[in-house]
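**Q** Heads up: the sequence lines are chains A and B, in that order. Residue numbering for the first sequence follows my numbering, beginning at 1 and increasing consecutively. Residue numbering for the second sequence follows my numbering, beginning at 1001 and increasing consecutively. Where a beta carbon is used, it is the ideal one built from N, C-alpha and C, also for glycine. Sharing a structure with you now.
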Amino acid sequence: MSPLTNDMTDLDQLLRDNGARLARIARHYARAGEQQDLLQEITIALWRGLARFEGKSKLSTWVYRVAINTALQYVRRRQLPVEPLQHEPQGATDMADAMMLLDEFLNGLSPVDRAILLLDLEGVERPEAAEIMGLSEGAIAVRMTRMKAAFTEKYLEE
Amino acid sequence: MEWNELRAQWKNRQTETVPRPTRPGPAARIWDTVRRRDRLENAAALMTGLVFAACVIFFALAGLWMTSAFALLLVGSIAWIALRLGRARRQIPEPDPEQPVLLFMRAERAALETQARLMSSTFAWYWGPLAFGVIGFFASLRGIDPVSFGYALIVVFMGLGVEALNRAAVRKQIQPALEWVNEQISQLENES
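Following this line, the structure appears as structure tokens:
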């Protein structure tokens, strides 16, 4: 069996359980059309690390760390700029508008702030987000509150 | 519209299919290349070192003490460079994506800083000692004449040229990467 096929069963299970959240992360760190490249890098990083995973943290914490760190490395290597907002801030009229504006808002954030807000959107609790980012819970709380308030004020309040 | 509604909608979005890994990613490839190059450089250093070690004995037996001494200097330089490279490689931690983001970013910064420092000073620790040994070896065999002098100039200018290219690479590639990583770290450390 080649090294690449080792742990493939575990990896398949991991990707089945986490594929959607990985894709949502990749969507906000790679240009349209290049998301598969980033997803490929994330899955390789997961595959390389899977054998070393000792269960010291939750599996989801480990998956998010690998995904976000790989995404940040990807942005650095490609020197991708933070995208400016394309729409004037205005009240969203329906959910589709709101999601589009949320995408724009996320892409306008710095890569690390984007990671923090993405974790909140994924429903990650603050203690786990703090563990993923290597920050205190307080720092996560302050940032999340500030970013959510900024988005709500700009886009959701009419 | 509430944030919680957005969050609920967020998870229902259509997403890309996640591929199975089929090839090493660029980050993995970089470190594989680094390790492969290390092995190649060590093998080359060993071979060259053995050749000059033989020269030390050969020229000493022939009574050419100066040539033998420069060959010995070259053997020493080669061994020192190999040790220095190995130590430098150990000082450059391979950033581990399983770490918390802040620690990962700090490891990236340490790796980039060490790489920049090494690349900006190759003449002092790599090319310089070798050039001194090679020029001395050549001149002791041939005597000091225009050819030896020209050879010395070529060796020195090649070393300076390599260092200039390295410094340009640091300025154009490593420095912007370092600035980007520093910016992310300062954002993470701010308010933490």
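Under 8 Å between C-beta atoms, does Lys148 of chain A make it to chain B?
**A** yes
**Q** Name the residue from B:Phe1137, B:Phe1104, B:Leu1112 whose alpha carbon lies nearest to the alpha carbon of Thr1067 of chain B.
**A** B:Phe1137
**Q** For the alpha helix (DSSP H) containing Gly1159 of chain B, list its first residue and its last residue.
**A** 1146-1169
**Q** Give, in chain order, every residue of the region 111-128 of chain A whose Cβ lies closer than 8 Å to some Cβ of chain B.
**A** Pro111, Val112, Asp113, Ala115, Asp120, Leu121, Glu122, Gly123
**Q** Return the CA-CA distance between Leu1118 of chain B and Arg1087 of chain B, expressed in angstroms with no decimal places.
**A** 11 Å
**Q** To the nearest angstrom, report how far apart Leu46 of chain A and Leu1072 of chain B are at their CA atoms.
**A** 49 Å
**Q** Comparing alpha-carbon positions, which option in A:Asn18, A:Leu59, A:Ala71, A:Gly19 lies nearest Glu34 of chain A?
**A** A:Ala71
**Q** When you compare only the Cα positions, how much space is there between Ala1111 of chain B and Met1105 of chain B?
**A** 10 Å
**Q** When you compare the CB positions of Glu1163 of chain B and Trp1127 of chain B, do they come within less than 8 Å of one another, or not?
**A** yes
**Q** How would you write the range of the alpha helix (DSSP H) that Thr152 of chain A sits in, first residue to last?
**A** It is not in any alpha helix (DSSP H) - Thr152 of chain A carries neither H nor E in the DSSP assignment.
**Q** Using only the alpha-carbon positions, how far apart do Trp1003 of chain B and Ala150 of chain A sit?
**A** 12 Å
**Q** Compare the C-alpha of Ala1069 of chain B against each of B:Ser1186, B:Ser1140, B:Trp1080, B:Arg1089 and name the closest.
**A** B:Ser1140
**Q** Comparing alpha-carbon positions, which option in A:Arg52, A:Ile25, A:Met100 lies nearest Tyr64 of chain A?
**A** A:Ile25
**Q** Buried or exposed, going by whether 16 or more other CB atoms sit within 10 Å of the CB of Gln1184 of chain B?
**A** buried
**Q** Spatial neighbours of Leu38 of chain A within its chain, please: C-beta separation below 7 Å, excluding the five flanking residues on both sides.
**A** Ala26, Tyr29, Ala30, Ala71, Tyr74
**Q** Interface residues of chain B around Gln13 of chain A at Cβ under 7 Å?
**A** Here the premise fails: no neighbours, minimum Cβ distance about 12 Å.
**Q** Quick check: the Cα distance between Lys148 of chain A and Lys56 of chain A, rounded to an integer number of angstroms?
**A** One alpha carbon belongs to Lys148 of chain A, the other to Lys56 of chain A, and they sit about 31 Å apart.
**Q** Against chain B, does Gly33 of chain A count as a neighbour if the rule is that its beta carbon must be under 8 Å from one of theirs?
**A** no
**Q** On a CA-only basis, which of A:Ile44, A:Arg143, A:Glu131, A:Ala98 is nearest Leu109 of chain A? Give me that one, please.
**A** A:Arg143
**Q** Determine the burial state of Leu11 of chain A: buried for a count of at least 16 other Cβ atoms within 10 Å of its Cβ, exposed for fewer.
**A** buried
**Q** Would you call Arg1013 of chain B buried or exposed, if buried means 16 or more other Cβ atoms sit within 10 Å of its Cβ?
**A** exposed
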